[in-house]
Structure formats: C-alpha cells, structure tokens
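For reference, the structure discussed in these notes is given below.
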DNA sequence: GTCTATATTCGGATAGAC
DNA sequence: GTCTATCCGAATATAGAC
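Protein chains in written order, with the working numbering: chain A, 966 to 1160; chain B, 966 to 1160.
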C-alpha cells in the first residue's frame, strides 16, 4: 500500500544495465548514446532527462557499483572473526563475484575512470580499497600480520588475487577462479603472515 | 659513411614522444590529432603520412615500448644467476623504470589497449609477461619456487610489486618506490619460495 | 517522463600544392 | 616528406510536442 516497492525507475535501471555491458565490452568512448538507446530501448531524450549527460551515466553506474561492493565487503568483514579469515573471505567473495558478474568486476577493476570521470579519485583510494587496508592494519595490531608499511602489506596480500582476477577477465585462465582459490590464498597469506 | 647513423626520422620520434605524454595524461580518445600536431610541431598531413591513421600511432608506440621492455627484461635475465636474483632484479628494474619514465610505465600497465588496439592480445599474454612466467617456471624446476600452478605463482610473485607501481603512478605513495623495494620483495618472494 | 527530430560541434581523414 | 585547407561522418546535446 505504501506503493513503491519493486517499482524502481524501470528505464533508469535498464540504461544502467545496458551501459555496464556496453562500457565493459567496448569501452566508454566507443559506446555512443545511440548504442545505449538502441540496446536499452530507452530514447535518447529520456536518457538525458535522467542522467544529464553521458558522463552522468558513467558516474551513476560507478557509484552504484562502488556502494554495492562496499556493502558486500562490510558484510564479509562482520561475518568473519580473525583477520586471516576476513581476508580470505574477501578474496573468495571477489573470485565468486568475478564468475557471477564478470561485467561488474571488469568495470570496477579495468575501467579507466580517470578518462571519463575526471573528478573521481584513483581506484586505490576508493572506499572498497580503503576498507581492505583497514583490515590489514588491524591484522598488524593483532599480530597476525607482520609489522610493515601498510600499503606494502595491502598490495602484497591482495595484489596476487587481483591479478588472477584480471587474467580471468582477459580470458587467459583455463578454469574458474574457485579452482585456484586455495593455492592463491596460500601464496597471498604467506607473503604477509607473521612467522 | 654508410650515411644514416643518428639521423633517425626526427618528426616520427617527436610524434611518438608527444603521444606518449598525451595518451598517458588524457587517454587515447581524449587526444585529438590536432592536439598531437600542435604539441609535436608536426603537421597533421605528415603524421598521416608516417602512421596511416590514429590507431597506427598507438600501435607503433605500443610495439616500440613493448620491445624496449622485453629487451631490458632479457638483459636483466641474463645478468643474474639464480631465479631468486633474476626476479628480484626484474622488480627493481620495474621500480626504477617507473620513477625514471613514469609515462612509459603508465602506458604499458594502464592503457586499455583493447579499446584502441583491437587486434592486440591482452597484456598478460604479451611478450614481457610471458618472459616473466618462463623464469618462474624455471624456478620451479630448480626447486627455488614451490610447485604450483604457473599462473598462480607468477601473479603471486609479481602481483604485489605491480600494484605498488600502480599506486605510485596514481600518486598515492608518499615516497619513491626504491624506498619500498626491500619490503615489497620480501613479501613477494615469501609468497612462492620453497620452504 | 518519454519521445522524435534537429542543431552544432568536432575530429578523423583526404587532396593536392610545394 | 611536409604542409594547408577542406571534406564528411558521427556523436553529443537540445528543442519542443505529447
């Protein structure tokens, strides 16, 4: 009765779904508004009404996905006890997400936001990455992770897994990421674990 | 006497230097041929004469830098004995290169080649990365590196250092990369070293 | 809010003189 | 090999009816 439940702006969402696919496969600049209009079934005029301009579409998409990712990280973070378990769960979540929603992962990791979202801070400074660093910091305080520069620890711990994700997105991995999880995690954790 | 010695095509090289800077800062699509012409001092007609079209410029630049990188990797590879030393020297070389020629590194790591070089294979399949994997494979044969999936080992060993480079290029590292080399390498090597 | 038609700008590419 | 001038298509964005 309070009316609006699943009745989200339908055309808005259709456009966002469409641009995710188009940006991920062809890139931002190679995607024209005509493409977006045709694929989404929403007229150009309507698109401008909702998003202002082309950059507005990309910006909306980016923030939506970024928040979604942050929320997932938060949930994983709260559900797990030790820093070791938290981080492993994060890697597993990222791997699963890559297989389930490769387009999302592709956009988040690969899209050169700087080129079409000039105002946005670099991806390493974004909320999700900051959260991951916070967990690593905690790991040093609890003694699970060796004391060292925080950035070094973060990149060492998550750098390998992230490159595996990129390899998978590039289509150069023969099997699903889950197949590699144990080995990848073993390496990642060894790199920073206290002796 | 055999004539042409340092007399490299001057305008050709000027264009390549210019586009490296422009592509790295503004991206391929945001760089127009007018920009290139203005910054390089070479006329548009001349540019087309040399490179055919805009993609040709990017392609030439990419292959030039890729070969340059491969040559350096080769030299480092031959100059060092153990796989451990080879890999450490590679990371050091990449770090030094990032500080000395950030634009080159930026283009090689960050440029979304897929978007403007459709024919090119993904960066992980490129010559430099293949060479790095070869060395890792050798490490498993000599027993320096634990037996595991080759891709996992490669991404684990070089993933951390590469993310550090990206962080540096993004301007989120306070100090030069050399400052972090020891710590980064310690982590990287631990991740794959035999016990 | 949605659409169609249209304006305007811009950038890649070419022609052709020198 | 280098340059200037120009063409042409395409893409963003707008106007304005419904």
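Every residue, glycine too, gets a C-beta built ideally from N, C-alpha and C.
Asked, Found
"Uninterrupted alpha helix (DSSP H) stretches inside the stretch 1046-1101 of chain A (no shorter than 4 residues)", "1048-1065, 1067-1075, 1078-1081"
"Cα-Cα separation between residue 1031 of chain B and residue 1057 of chain B, rounded to whole angstroms", "18 Å"
"Spatially closest choice to residue 992 of chain B from B:1036, B:1052, B:1071, B:1125, by CA coordinates", "B:1071"
"Opening and closing residue of the alpha helix (DSSP H) in which residue 1155 of chain B lies", "1146-1157"
"Neighbourhood of residue 1049 of chain A by C-beta, 6 Å cutoff - its chain only, sequence neighbours within 5 removed", "1109"
"N- and C-terminal bounds of the alpha helix (DSSP H) containing residue 1021 of chain B", "1019-1044"
"Short Cβ contact (8 Å threshold) for residue 1009 of chain A with residue 1016 of chain A", "no"
"Complete runs of the alpha helix (DSSP H) confined to the stretch 985-1010 of chain B [at least 4 residues]", "998-1005"
"Interface residues of the stretch 1083-1117 of chain B facing chain A [CB-CB below 9 Å]", "1086, 1087, 1088, 1089, 1090, 1111, 1113, 1114, 1116, 1117"
"Unbroken alpha helix (DSSP H) run spanning residue 1116 of chain B, endpoints", "1115-1134"
"Contacts of residue 986 of chain A in chain B (Cβ-Cβ under 9 Å)", "Those within 9 Å of residue 986 of chain A in chain B number zero; the least Cβ separation is about 15 Å."
"Inter-residue Cα distance where the pair is residue 1000 of chain B and residue 1105 of chain A", "49 Å"
"Residues sharing a beta bridge with residue 1110 of chain A, DSSP", "A:1158"
"CB contact below 8 Å: residue 1062 of chain A versus chain B", "no"
"Proximity to residue 983 of chain B [Cα-Cα], best of B:1006, B:1138, B:994, B:1159", "B:1006"
"Own chain residues within Cβ distance below 7 Å of residue 977 of chain A, not counting five before or after", "1015"
"Neighbour-count burial assignment, residue 1028 of chain B, 16 or more Cβ in a 10 Å radius", "exposed"
"Beta-carbon neighbours of residue 1124 of chain B, restricted to chain A and to distances below 7 Å", "1124, 1125, 1127, 1128"
"Spatially closest choice to residue 1018 of chain A from A:1117, A:980, A:1039, by CA coordinates", "A:980"
"Where residue 1043 of chain B falls, given that 16 or more other Cβ within 10 Å makes a residue buried", "exposed"
"Between the CA atoms of residue 1024 of chain A and residue 1004 of chain A - distance to the nearest angstrom", "19 Å"
"Proximity winner among A:1076, A:1147, A:1146, A:1095, relative to residue 995 of chain A (alpha-carbon distances)", "A:1076"
"Validate contact between the stretch 1116-1127 of chain A and the stretch 1122-1129 of chain B using beta carbons, cut 8 Å, 3 pairs", "yes"
"Helix, strand or coil at residue 980 of chain A according to DSSP, with G and I counted as helix", "helix"
"Chain B contact for residue 1021 of chain A (CB, 8 Å cutoff)", "no"
"Contact set for residue 1146 of chain A: own chain, Cβ-Cβ below 8 Å, skip 5 residues either direction", "1056, 1057, 1060"
"Chain A contact residues for residue 1152 of chain B, given Cβ-Cβ distances below 7 Å", "1117, 1121, 1156, 1157"
"8 Å contact criterion, which residue 1074 of chain A and residue 1130 of chain A should meet: CB distance rounded", "7 Å"
"Interface positions of the stretch 1048-1074 of chain B facing chain A (Cβ-Cβ less than 7 Å), listed along the chain", "none"
"Cα-Cα separation, residue 1012 of chain A to residue 1086 of chain A", "26 Å"
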